[in-house]
Amino acid sequence: LGMHSTPVQSAEAIAPRRARLFPARPRRPAPPLRTPAPAAGAAASRRRYDVTLDRAGGNALGLDLEYTQSDDAHVPIDRIKPGLATEWNKACPPGRVIRRGDVIVAVNGATSMGAMYDKLRHEQVLHLTLEPKR
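Counting in my numbering, the final residue of the sequence shown is number 138, and the numbers go up one at a time with none missing.
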């Protein structure tokens, strides 16, 4: 059958020839990552924000929440009522106003639906992380 066998060359034998055929080019550093400039006005101030509400005075939370299971584990705010939320809104910076449609993404560090609902019902001091309505 006339088969020809070609000797197998080692990687060490091929490396010098490869270096001559394909000389190494100096690598250019990657360009710095650019973050988009924030938009002007209210849109720029409506990113994820933190709110602290303390029930020490016995006041109501002042939030109607949608108690549903969502795919993204967020708790939507259905309505703002008189209570701690409205007091917060009167005293807070404009970019941290709690609004209808915003969603709670964490309560005292908890991010699962069950843990957030539990903390919202039972804990006195609530550190909420909210995301504005999209």
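In this text, a Cβ means the ideal position worked out from N, Cα and C, and glycines have one as well.
Quick caveat, the model's predicted, so the values are computed rather than measured.
For Leu69, the closest alpha carbon among the candidates Arg103, Asn112 and His131 is that of Arg103. The beta carbon of Arg59 lies closer than 6 Å to those of Gln128 in the same chain, with the five residues before and after it left out. Between the C-alpha atoms of Asn63 and Glu91 there is a straight-line separation of about 10 Å. One thing to note: Leu134 has its Cβ within 8 Å of the Cβ of Val107. A direct Cα-Cα distance of roughly 10 Å separates Ala77 from Ala119. A distance of 8 Å or more separates the beta carbons of Ala95 and Leu57. Put simply, the backbone Cα of Thr115 is about 18 Å away from that of Lys137.
Per the C-alpha coordinates, the member of Lys85, Asp54 and Tyr53 positioned closest to Leu65 is Lys85. As DSSP reads the structure, Asp68 sits in a beta bridge with Arg83. Here the alpha carbons of Gly87 and Arg51 stand approximately 24 Å from one another. It is roughly 19 Å from the alpha-carbon of Pro97 to the alpha-carbon of Ile81.
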